[in-house]
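The numbering used here applies: residue 1282 is where the sequence shown begins, and numbers increase by one. Every residue gets a Cβ at the ideal spot worked out from N, C-alpha and C, and that includes glycine.
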Amino acid sequence: MTSTLTPQPVERTKPERPGAVARRRTRVLALPEARWAAAATVLFLLALPLQLTGAPAWTWGPLYALSYATGGWEPGWEGLKALKDRTLDVDLLMVVAALGAAAIGQVMDGALLIVIFATSGALEALATARTADSVRGLLDLAPATATRLSPDGGEQAVAVEELTVGDLVLVRPGERVGADGRVLDGASEVDQATITGEPLPVPKERGDEVFAGTLNGTGALRVRVERDASDSVIARIVRMVQEASETKAPTQLFIEKVEQRYSLGMVAATLAVFLVPLAFGAQLTDALLRAMTFMIVASPCAVVLATMPPLLSAIANAGRHGVLVKSAVVMERLGQVDAVALDKTGTLTEGSPRVTDVRPLPGSGLDEGELLTLAAAAERPSEHPLARAVVDAARERGLDLPEARDFTSAPGVGVTAVVGGRTVAVGAPARLLETVDGTTVKFEEFGRTAAELEESGRTAVLVVVDGTPAGLLGIADRLRPDAAATVASLARLTGSAPVLLTGDNPRAAAHLAAEAGIDDVRAGLLPQDKLDAVRELESAGRKVLVVGDGVNDAPALAAAHTGIAMGRAGSDLALETADAVVVRDELAAVPATVALSRRARRLVVQNLVIAGVFIAGLVVWDLAGDLPLPLGVAGHEGSTVLVGLNGLRLLREGAWQRAAAGESS
């Protein structure tokens, strides 16, 4: 069923946190497909109990008629337009089959078929609209205005669209960068997770590149614009998502791949069953009854249900276990993947920095608890992510933090405070050593410990007490507990080890990949690079599953054969672009869903065989003998019930447990 692609009314919700982007959401009932489907469903639910309780036909007949009209006019109209282009649409065939059922007294069956197809079309339209919402909302990451500096030092607030290459802009603390450019003056730390996926803010100083939409930290930056707003990284991400979504090969369920042949064959056969007996002198009523019986027994209702119940049951089972699969097509595609590309931050890792090591230096006179207490007390007034990690680590250990006085923060360097009468400085080792008390302390005194931490993928943070280095903290984004097992399961299911695609630095990426059991590591990637990596895999004939969570993953998610987003911290764009969402943020659910999809595909094949046998038997009986209409309807409905019940086997808890255990076959 076709989807409406015109812009829809949207509603804005307040950001959930400072700096968050207001989310644009298309209202469900703003879509005409949803309104027509809802009306058809309500009318059907009103008519059904009246019919089943033996009420007069005049009470439920008009309700069924209205259900046919509201739910069937759009697919019928689209089917007629397709006929104009010499294409027989399966939706039109379904409408004709429903009308044929009504013509021989099976009014309820026809109405149910109409409701199913109308609801399917509404869900497709909603998915399309929500994806468009998220792409438009991505542009809100870039601020509407920027502060442009004139040659005489004056400031002017201008729309970012007015900025040109060569302009100077001022980015104050806490503001978003208005344009892609290069720092001319100032020092700060910029959170650019939306672009690169890096879990920690990146120090920026003279000569460093910054991107539109990234969030400035505590320092002020003067930036020279190097790209027009229409060519910024954020704008290119929007274009890449749109282009990837448009060029992604249209996908159909297995049965839809033979739609045209089956549809044309059924129409031709029905006409033949009606006209041939007439040509040999049969009565009009008898010929019409035989043709309608043929249409009922040959209609693809059982075939459609042979396909949908296993896939829908798998979707429902996955949903109970925290995985939202957006359509039956997606559930079918998941079972086809033979290569996996994983993001790092927020996907393989927890997505937030944590203190992993506390290393007091010899001669400092401090143990781990005392060192962490001093560092956390000094960091507590700071809002930096590393500071929050240090404070959280102290609280997890149950440490009491004394009050800090005379707190100061230097962007790109660290913080200083007086704790219990002692001056404590916490920050980047290389810079902090040159500023504490105006002295220079030789790096060799603690260089071995710092090098060990950094080589293992940690960020080293130096703690200086009264001008003397007292210890080092190692901070890293921790690997998820189930990451290694998930990587092994995906490798077993697909026959090849997953690939790691990340914007993080190569050293941290390589260390984490080794822990997770991944050999193929591609680090330092921008969104375009991730998209190119996916296309490279697919050009080699692979069907790639991409798992990610950030804006920078969205183009790859859109271009991949199938995309799965991690839901807890996933960006709106990633969640809407992806074909499935792991709502509970359990990475192990990814291979379980793939295995469940493969079981569903196997049941689809079983059901198609069952449905085909029933249809063939009933059609031969009707053509070669005299199939009574009630018996034909009973056989048709019986095959439908049988394949439906077979597909519902995947609703059982045991089906998920077997999939989670890796039993995909």
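Of the other Cβ atoms in all chains shown, 16 or more fall within 10 Å of the Cβ of Trp1937; this residue is therefore buried.
In this structure, the CA atom of Leu1451 is about 27 angstroms from the CA atom of Glu1660. Under the three-state reduction of DSSP output, Thr1689 falls in the strand class. In the three-state reduction of the DSSP assignment, Gln1437 falls in the strand class.
Counting only runs of 4+ residues, the alpha helix (DSSP H) found wholly inside the region 1459 to 1510 occupies 1474 to 1477, in chain order.
For the options Leu1552, Ala1579 and Val1578, the alpha carbon positioned closest to that of Ala1568 is the one of Leu1552. Proximity to Gly1391 across Gly1342, Arg1429 and Gly1360 peaks at Gly1342, based on C-alpha coordinates. Looking only at Phe1895, Asp1903 and Val1900, the smallest Cα-Cα distance to Ser1920 is reached by Phe1895. DSSP places Ala1622 in the strand class (E or B) of the three-state scheme. Taking 8 angstroms as the upper bound for CB-CB distance, Ala1501 and Gly1467 are in contact here, some 5 angstroms apart.
Per the DSSP secondary-structure output, Thr1428 pairs in a beta bridge with Ala1438 and Leu1451. Buried is the label assigned to Gly1738, since at least 16 other Cβ atoms lie within 10 Å of its Cβ. Counted as a single uninterrupted DSSP element, the stretch harbouring Thr1445 is not any beta strand (DSSP E), since DSSP gives it neither H nor E. Proximity to Asn1833 across Trp1354, Gln1473 and Gln1332 peaks at Gln1473, based on C-alpha coordinates. In the assembly as shown, Gln1564 is an exposed residue. Its beta-carbon has fewer than 16 other beta-carbons within 10 Å.
In this structure, Ala1658 keeps its C-beta atom at 8 angstroms or more from the C-beta atom of Val1636. Nearest C-alpha to Glu1684 among Val1700, Arg1308 and Pro1710: Val1700.
Pro1750: member of the beta strand (DSSP E) spanning Thr1749 to Leu1760, first to last residue. Closest in alpha carbon position to Gly1627, among Glu1867, Asn1888 and Val1901, is Glu1867.
Ranking Pro1662, Gly1616 and Val1746 by CA distance to the CA of Gly1776 puts Gly1616 first.
Ala1791 is not a Cβ neighbour of Val1815, given a cutoff of 8 angstroms. In this structure, Gly1459 sits near Val1441, with a CB-CB distance shorter than 8 angstroms.
In this structure, Ala1328 lies near Leu1344, with their beta-carbon atoms less than 8 angstroms apart. When secondary structure is reduced to three states using DSSP, Arg1803 falls in the strand class. Taking all protein chains shown into account, Lys1362 has fewer than 16 neighbouring C-beta atoms within 10 Å of its C-beta and is therefore exposed.
Taking 8 angstroms as the cut-off, the Cβ atoms of Ala1691 and Thr1874 do not count as close. In this structure, the CA atom of Tyr1349 is about 22 angstroms from the CA atom of Ala1572. The distance from the Cβ of Ala1859 to that of Ala1846 is about 4 angstroms, consistent with a contact at the 8 angstroms cut-off. Boundaries of the beta strand (DSSP E) harbouring Glu1631: Thr1630 to Pro1641, taken from the DSSP string. Gly1784 and Leu1812 do not touch by the CB rule: their CB atoms are close to 13 angstroms apart, not below 8 angstroms. Apart from the 5 residues on each side of it in sequence, Ala1794 sits with its Cβ closer than 6 angstroms to the Cβ of Leu1781 and Val1802 in its chain, given in chain order. Distance from the CA atom of Thr1495 to the CA atom of Pro1482, rounded to whole angstroms, is 10 angstroms. Taking the CA atoms as reference points, Trp1317 sits about 11 angstroms from Ala1311. If you ignore the 5 residues before and after Gln1887, its C-beta comes within less than 8 angstroms of the C-beta of Asn1927, all in its own chain and listed in chain order.
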